[in-house]
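Participant: Start counting at 1 in the sequence shown, then tack on 1, and there's your number in this note's numbering.
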Amino acid sequence: MRSKAKTIVSSGLVAGTLDITAAILVYAVILHKTTAEKILQSVASGIFKKEAYTGGSEMAVYGLCLHFLIAFIFAWFYFKIFPYIPFFKINTVLSGILYGIFVWIIMNLIVLPLAFPVLPEKKLDFPLLLSILIIICCVGMPIAFITRKYYAKWY
């Protein structure tokens, strides 16, 4: 029997791991646009601003911790709202897709603008669609499936 805490922690760990791995693979390894350390420092810059980019690996660790904190928050939120949204019990794939889109919207239209008042304008192009797809596959879907498995015993 899985506990609530184990469900939230495991879905947060899976989502956080898949998301950061996808970001590093795509942007650092495949596209060679940046490095893994810079990706993690950019996450840390949400709190530490420009200092994050001069802090070396220590800031990368802070960025990784912040990244997982955000993943746990989204996992916790989905877990909490699951019982109140009947659709989540009916179609897990579509629920994961919609939750991934929700996560992308929250991060890109609320969290990032609060952390960084001046952001580049978003254009409907391949990088934007890729970022949405990564969030859907790496965050929305795992959280939806892991949470549904916990609640399956209740319905």
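In this text, a Cβ means the ideal position worked out from N, Cα and C, and glycines have one as well. Since this is a predicted model, take the numbers as computed values, not measurements.
1) How is V119 classed by DSSP in three states: helix, strand or coil?
2) Is S4 buried or exposed, if buried means 16 or more other CB atoms sit within 10 Å of its CB?
3) Short of 8 Å in beta carbon distance, which residues of its chain neighbour L113, apart from the five on each side in sequence? Order them along the chain.
4) Suppose you measure from the CA of T22 to the CA of V44; what does that come to, to the nearest Å?
5) Tell me whether L186 sits in a helix, a strand or coil according to DSSP, three-state version.
6) By the 10 Å Cβ neighbour count, where 16 or more other Cβ atoms means buried, how is P118 classified, buried or exposed?
7) Which residue marks the beginning of the alpha helix (DSSP H) containing E38, and which one marks its end?
8) Mapping DSSP to helix, strand and coil, what is D126?
Facilitator: Quick look at the numbers:
1) The sequence position of residue 119 within the sequence shown is 118, counting from 1. The answer is coil: DSSP assigns V119 none of H, G, I, E or B.
2) Numbered from 1 along the sequence shown, position 3 holds the residue referred to as residue 4. Counting every other CB atom within 10 Å of its CB across the protein chains shown gives S4 a total below 16, marking it as exposed.
3) Taking the first residue of the sequence shown as 1, we reach residue 113 at position 112. A distance below 8 Å between beta-carbons, with the five flanking residues on each side excluded, links L113 to the following residues of its chain, in chain order: G47, L120.
4) For the purposes of this step, residue 22 is taken as residue 21 along the sequence shown, with counting starting at 1. For the purposes of this step, residue 44 is taken as residue 43 along the sequence shown, with counting starting at 1. The straight-line gap separating the alpha-carbon atoms of T22 and V44 is approximately 14 Å.
5) The question about residue 186 has no answer, for the chain in this structure spans 2 to 156.
6) By one-based count along the sequence shown, residue 118 stands at place 117. P118 should be labelled exposed.
7) As a position in the sequence shown, residue 38 is number 37, starting the count at 1. That run of the alpha helix (DSSP H) goes 37-49.
8) For this step, residue 126 is matched to residue 125 along the sequence shown. Three-state DSSP puts D126 in coil, outside helix and strand.
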